[in-house]
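Chains as they are written, first to last, in the numbering used here: chain A, 1 to 288; chain B, 289 to 576.
C-beta atoms are modelled at their ideal positions from N, C-alpha and C, and glycine is treated no differently.
There are 2 protein chains.
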Amino acid sequence: MTQVFVIPSTAVIGEFRPDLVAAHTVPTDQPFLVETRDALDGAVIHGLTERPRVARPNPATGPIAIAGARPGQALAVDVLAIDVAEEGYLTRTPAPTFIPQRGGLVEFVHGLRLPLAPMIGTIGVAPTEGVHSTKVPGRHGGNLDTRDVAPGAALYLRVGQPGALLALGDVHSLQADGESSGQGIETAARVLLRARLLEDSLSEWPCLVRDGELMVLVSAETLDEAAREATEEMARLIVERSALSPDEARMLLGLVGDLRIGQVVNPLKTVRVAVPLEAVPWSAPLPL
Amino acid sequence: MTQVFVIPSTAVIGEFRPDLVAAHTVPTDQPFLVETRDALDGAVIHGLTERPRVARPNPATGPIAIAGARPGQALAVDVLAIDVAEEGYLTRTPAPTFIPQRGGLVEFVHGLRLPLAPMIGTIGVAPTEGVHSTKVPGRHGGNLDTRDVAPGAALYLRVGQPGALLALGDVHSLQADGESSGQGIETAARVLLRARLLEDSLSEWPCLVRDGELMVLVSAETLDEAAREATEEMARLIVERSALSPDEARMLLGLVGDLRIGQVVNPLKTVRVAVPLEAVPWSAPLPL
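Quick look at the structure:
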């Protein structure tokens, strides 16, 4: 029987920063379970008629040191499963509305039932430099609010500090591409993960593999800028690892490299470009 | 045996404008076949080493009057099938590259085979006002370059002039969301369509139904602006036709209203918001 490490949500961070100090340490290649608080840190209470003010939104459980992680490596985080609480909430309908979550469904207003699709909103590592609120996305990960950070995905983050110092929270039971309202269904959760370390980090931006697609997640001031930089970064990655020329790589992306919107609200905006792994004639298998 | 009207690509337009004059007339509710030229109007020739200059890019076959169409109605265009030519092309790899298209596959460079997914790049009607090049998208349709304008889709365009005056071209054999390189695989094609007229036009922007999703397609100077306006327009449409309040409609869109990028290059940018029809508690069936 494999031991599963359980990381409680007692220690949380509000900023990803270079000088984080580990609250826990987990080994690689073994599942560990992370308990996460909801995005408003439990401040939404039944009967509340206004959105509460919260001292520390998006509390991220951690920092979790990954044993042996060194700067420059890639930390691969396999998302194995997400169990959400029995109730989530939305704050702007216009009063806080509690959303029952069971049987694979969430119950929205007017009796409308929608299928659960849990995902991790905020997940990142200690950066090489700079202080990044857990409300903001960036090269270190952070508040990516990208719905493919979900069971079945592997997320790749470049390690910036010894031990990587992973933290995560802000789980959504359901969120569309764009998160145009500024919210998914916000919920506490238990997230089963596994960490792996790779010598070859693909990109300085977060990468994701899910359903046979490779994605690069870029965040910038505007969607246009994020889309442009994500395309350039994926083209660079393809040119580096295949026989395609820069022009050929760009043409290929015009054909099979979907530009998808993660979120438009954080306030940096996140766009991912997604390419079927089998649509690129890689020179060697990617280190995934 | 149903007669199929065939519209040859001899008459084409380079601009959608209020004073278009019909070159053909078709009845509603019957299939008609439209032959379309490729986006560079046949100017790419084997052996060419540079992208040619083209007098009229994106020639759109038409104008095709729809019998009985009146301003204010919606013209529903059912896309029944698209047959592409035996060869398409890309112009920037860096010289024009011809792409064999057969057996459901296109053959990209380096022997890479990709599945065909034909779509209509440019399709629109005579606008109420303004002159719109067939290279530009807008409320009248135009160069939407949105890959869901494909077999199985119904496209809804508000009729601006008597007869609607439909025109289409710029078919792509394959194009990703974003069309980040500025090109899909460009091809001549034969497009089988059917026109319907509806008294209740959903939106002043093009709408699309495909695979059980309703989409609104908005084009604007920036992706951010297009995403914002598409979200607002879909929220308006939901509020108008359901019991949801504006806040509830916006929250629902944050959960199930995917923001998707059509194209980033035309030079107005096209974003669609897509909602599963069954995720909205409509007050009455939509007129689709």
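Anticipated Cβ contact below 8 angstroms, residue i with residue j, distance rounded
i, j, result
"residue 408 of chain B", "residue 342 of chain B", "Their Cβ separation, rounded to whole angstroms, is 19 angstroms, which puts residue 408 of chain B and residue 342 of chain B out of contact at 8 angstroms."
"residue 577 of chain B", "residue 445 of chain B", "Within the shown structure, residues of chain B are numbered from 289 to 576, placing residue 577 of chain B beyond reach of any answer."
"residue 227 of chain A", "residue 259 of chain A", "5 angstroms"
"residue 309 of chain B", "residue 351 of chain B", "7 angstroms"
"residue 433 of chain B", "residue 550 of chain B", "6 angstroms"
"residue 28 of chain A", "residue 68 of chain A", "6 angstroms"
"residue 481 of chain B", "residue 322 of chain B", "6 angstroms"
"residue 174 of chain A", "residue 184 of chain A", "6 angstroms"
Contacts of residue i in chain A (Cβ-Cβ under 9 angstroms)
i, result
"residue 519 of chain B", "178, 180, 181 and 264"
"residue 388 of chain B", "Those within 9 angstroms of residue 388 of chain B in chain A number zero; the least Cβ separation is about 14 angstroms."
Partner residues on chain B for residue i, Cβ-Cβ distance less than 8 angstroms
i, result
"residue 5 of chain A", "By Cβ distance, chain B contributes nothing, its closest Cβ being about 32 angstroms from residue 5 of chain A, past 8 angstroms."
"residue 288 of chain A", "Those within 8 angstroms of residue 288 of chain A in chain B number zero; the least Cβ separation is about 20 angstroms."
"residue 279 of chain A", "400 and 402"
Closer than 8 angstroms at the beta carbon, the chain A residues around residue i
i, result
"residue 510 of chain B", "222, 223 and 224"
"residue 531 of chain B", "110"
Rounded straight-line distance, which links the Cα of residue j to that of residue i
i, j, result
"residue 288 of chain A", "residue 402 of chain B", "23 angstroms"
"residue 36 of chain A", "residue 339 of chain B", "55 angstroms"
"residue 571 of chain B", "residue 536 of chain B", "15 angstroms"
"residue 577 of chain B", "residue 307 of chain B", "Given a span of 289 to 576 for chain B in the structure shown, any question on residue 577 of chain B remains unanswerable."
"residue 405 of chain B", "residue 437 of chain B", "11 angstroms"
"residue 135 of chain A", "residue 266 of chain A", "6 angstroms"
"residue 421 of chain B", "residue 449 of chain B", "17 angstroms"
"residue 359 of chain B", "residue 237 of chain A", "50 angstroms"
"residue 256 of chain A", "residue 276 of chain A", "7 angstroms"
"residue 98 of chain A", "residue 386 of chain B", "57 angstroms"
"residue 142 of chain A", "residue 529 of chain B", "38 angstroms"
"residue 179 of chain A", "residue 312 of chain B", "45 angstroms"
"residue 491 of chain B", "residue 363 of chain B", "12 angstroms"
"residue 103 of chain A", "residue 353 of chain B", "52 angstroms"
"residue 574 of chain B", "residue 488 of chain B", "9 angstroms"
"residue 96 of chain A", "residue 43 of chain A", "11 angstroms"
Residue range of the alpha helix (DSSP H) that includes residue i
i, result
"residue 519 of chain B", "511-528"
"residue 540 of chain B", "534-544"
Proximal residues of chain A, C-beta to C-beta of residue i below 7 angstroms
i, result
"residue 546 of chain B", "176, 177 and 178"
"residue 308 of chain B", "What residue 308 of chain B touches in chain A: nothing, since even the nearest Cβ is about 31 angstroms away."
Exposure label - residue i; buried when at least 16 CB within 10 Å
i, result
"residue 130 of chain A", "exposed"
"residue 100 of chain A", "exposed"
"residue 398 of chain B", "exposed"
"residue 477 of chain B", "buried"
"residue 349 of chain B", "buried"
"residue 334 of chain B", "exposed"
"residue 186 of chain A", "buried"
"residue 87 of chain A", "buried"
"residue 41 of chain A", "buried"
"residue 212 of chain A", "exposed"
Contact set between residue i and chain B, taken where Cβ atoms lie within less than 9 angstroms
i, result
"residue 253 of chain A", "464, 466, 468 and 469"
"residue 261 of chain A", "511, 515, 546, 547, 548, 549 and 559"
Unbroken beta strand (DSSP E) run spanning residue i, endpoints
i, result
"residue 423 of chain B", "Neither: residue 423 of chain B is in no beta strand (DSSP E) and is coded neither H nor E."
"residue 460 of chain B", "454-460"
"residue 210 of chain A", "207-210"
"residue 558 of chain B", "557-564"
"residue 602 of chain B", "This structure gives no information on residue 602 of chain B, because the portion of chain B shown stretches from 289 to 576."
"residue 396 of chain B", "Premise fails: residue 396 of chain B is in no beta strand (DSSP E) and is neither H nor E."
"residue 290 of chain A", "In the structure displayed, chain A extends from 1 to 288; residue 290 of chain A sits before or after that span and is not available."
"residue 322 of chain B", "319-324"
"residue 351 of chain B", "348-354"
Contacts of residue i in chain B (Cβ-Cβ under 7 angstroms)
i, result
"residue 185 of chain A", "543"
"residue 90 of chain A", "539"
Along the stretch 482-505 of chain B, where does the CB come closer than 7 angstroms to a CB of chain D? Name the residues. Protein chains A and B are contained in the structure displayed, whereas chain D is not.
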